[in-house]
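Down below is the structure, laid out as structure tokens.
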Amino acid sequence: MNIHNQQEILWLYIVVPINNNNIEPLKAEMCVPGNAKIYEFSKKHNIFYAKTGKLIIAENEKEAEFIAGLYKRSLENGVPGVEILDKTDVKRLEPNIDAYCALYAPETGIVDSVELARKLYQLAEENNACFAFGNKVIAIEPMSDAFKVTLETTDRHETCEIMANTIINAAGLYFDEITKLLDPDSPYEAKASKNKWSIFEPVNDGLRIKTNIYPIPCAVSDIQKLDLSFTEYERHIQECIAIRSLGVHLTPTVQGAISIGPMVIKGSGKDDFGLNDNSESLQRFLCSVSSFFPNLALDDIKSYQIGNQVKILEKERIHPDFLIKRYEKYPNFINVVGDSPGLTCVFPIAGYVAKLF
Ligand SMILES: Cc1cc2nc3c(=O)[nH]c(=O)nc-3n(C[C@H](O)[C@H](O)[C@H](O)COP(=O)(O)OP(=O)(O)OC[C@H]3O[C@@H](n4cnc5c(N)ncnc54)[C@H](O)[C@@H]3O)c2cc1C
1 MNIHNQQEIL WLYIVVPINN NNIEPLKAEM CVPGNAKIYE FSKKHNIFYA KTGKLIIAEN
61 EKEAEFIAGL YKRSLENGVP GVEILDKTDV KRLEPNIDAY CALYAPETGI VDSVELARKL
121 YQLAEENNAC FAFGNKVIAI EPMSDAFKVT LETTDRHETC EIMANTIINA AGLYFDEITK
181 LLDPDSPYEA KASKNKWSIF EPVNDGLRIK TNIYPIPCAV SDIQKLDLSF TEYERHIQEC
241 IAIRSLGVHL TPTVQGAISI GPMVIKGSGK DDFGLNDNSE SLQRFLCSVS SFFPNLALDD
301 IKSYQIGNQV KILEKERIHP DFLIKRYEKY PNFINVVGDS PGLTCVFPIA GYVAKLF
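Numbered according to this note's numbering, the sequence shown spans residues 1 to 357.
Quick look at the structure:
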């Protein structure tokens with residue numbers, strides 16, 4: 001995972017169209033069962049999680065109409081327990097949040113993603129999966145009925161070869177480079193979207209929140225929102241005029257602090273995890289949440305972490321959904337790649353891939 005933290009939000013997907021204009025069918029289909037499965041798995045294996053719930057805040061009457069569109073879509077997508085809360089109900093739930101009204105999704109939560117990955121690794125090993133950490137795939141050669149894969153150790157640059165009947169390419173941000181090892185004319189490209197988070201400690205009651213708090217998911221940048229109705233917004237996403245952005249949001253962390261992000265910042269490539277620390281960027285974090293979270297001050301915030309999200313391009317066009325597909329030229333080579341909410345959907349993704357065999 002291209003992120004340096006210990007916890008991750010579990011999304012409940014509520015924005016995705018599921019009808020004829022379907023652009024993110026896998027995300028729409030997998031998010032709700034994925035979310036439930038992670039809670040079940042975490043409970044069974046004593047991994048920390050919390051159902052914090054999620055509020056998407058409307059700040060005025062126009063945004064309230066947007067919330068009504070989101071609400072309808074979330075019902076179509078089978079999101080459990082969603083409701084629209086008025087100003088008073090929001091205050092009752094979150095006294096420090098100012099809202100005109102809000103959409104409430106009680107099943108959203110956080111999980112210790114490192115422990116989750118560790119447990120999956122342990123279970124896989126117990127079931128005879130073999131891991132080759134510290135090795136990089138540097139070549140793939142198609143043979144008549146298999147692939148010859150060349151690995152190189154990252155420390156001593158020693159190579160070895162293995163034969164594989166099927167390859168599942170789950171190399172995240174680097175999936176395009178792996179595909180190009182097999183086919184230099186591959187139509188795929190992976191771009192990194194550099195995301196930055198800041199954090200604050202809720203040192204007084206005025207800074208406390210217990211829910212994940214989001215603006216309406218309609219931002220062109222961290223601060224500026226698109227002035228669109230919900231229907232226009234969905235059309236923008238479908239026609240790739242706009243990229244879906246969740247907007248800068250507040251998330252209680254596993255350690256009891258509250259993170260603010262993600263803020264999309266300019267990066268120099270897939271391996272750029274530099275924090276680019278400056279007070280101007282902290283000011284941007286403050287500006288992006290102060291209208292609904294007014295008690296926060298600049299002095300409360302410090303820089304936290306960087307994460308690079310994968311953005312998939314297929315023939316230079318954005319592929320907004322997970323990419324889980326056999327490669328046309330070599331059907332036994334299967335790409336499995338996706339951005340958020342890939343963690344939430346980890347179990348349905350595994351089931352889907354298993355059915356491809
Ligand atoms: C900033 C950020 C925030 C996110 N927020 C959320 C969220 O709130 N909720 C949610 O559900 N999801 C979220 N996600 C998405 C989720 O983390 C990803 O979808 C998921 O981690 C992708 O997993 P993956 O296994 O496909 O890729 P990765 O976790 O990137 O794993 C790819 C692996 O391939 C290996 N690799 C690459 N190249 C080679 C090579 N040549 N040879 C050998 N190995 C190679 C890498 O070392 C790495 O181990 C977020 C992601 C980011 C970056």
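Glycine is no exception: its CB is placed at the ideal position from the N, C-alpha and C atoms.
Taking the alpha-carbon positions, what's the residue i to residue j distance?
i	j	result
residue 342	residue 28	12 angstroms
residue 179	residue 169	8 angstroms
residue 25	residue 321	7 angstroms
residue 140	residue 128	24 angstroms
residue 268	residue 132	29 angstroms
residue 304	residue 234	32 angstroms
residue 285	residue 124	40 angstroms
residue 265	residue 66	26 angstroms
residue 158	residue 149	14 angstroms
residue 275	residue 302	11 angstroms
residue 36	residue 351	15 angstroms
residue 346	residue 34	7 angstroms
residue 253	residue 332	40 angstroms
Buried or exposed, going by whether 16 or more other CB atoms sit within 10 Å of the CB of residue i?
i	result
residue 348	buried
residue 121	exposed
residue 190	buried
residue 339	buried
residue 31	buried
residue 357	exposed
residue 309	buried
residue 154	exposed
residue 291	exposed
residue 298	exposed
residue 231	exposed
residue 360	The chain is shown only over 1 to 357; residue 360 falls outside these bounds and no answer can be derived.
Can you find a heavy atom of ligand 3 that lies under 7 angstroms from the Cβ of residue i?
i	result
residue 195	Because ligand 3 does not appear in the structure shown, any question about it cannot be addressed here, the ligands present being ligand 1.
Using a threshold of 8 angstroms, state whether the C-beta atoms of residue i and residue j are closer than that.
i	j	result
residue 336	residue 324	yes
residue 358	residue 104	Residue 358 is absent from the model: the chain starts at 1 and stops at 357.
residue 184	residue 314	no
residue 144	residue 282	no
residue 173	residue 137	no
residue 55	residue 97	yes
residue 85	residue 102	yes
residue 250	residue 289	yes
Is residue i helix, strand or coil by DSSP?
i	result
residue 2	A caution first: residue 2 carries a pLDDT of 46, below 50, which makes its placement in the model unreliable, though a value can still be read off. Coil.
residue 326	strand
residue 67	helix
residue 297	coil
residue 271	coil
residue 163	strand
residue 347	helix
residue 108	coil
residue 266	coil
Below 8 angstroms on the Cβ atoms is my guess for residue i versus residue j; work out the distance and round it to an integer in Å.
i	j	result
residue 246	residue 108	With a Cβ gap of about 12 angstroms, residue 246 and residue 108 do not count as contacting.
residue 93	residue 211	7 angstroms
residue 216	residue 258	About 20 angstroms separates the two Cβ atoms, so there is no contact after all.
Using a beta-carbon distance below 8 angstroms, is residue i in contact with chain C?
i	result
residue 278	Protein chains in the displayed structure number just one, and chain C is not present.
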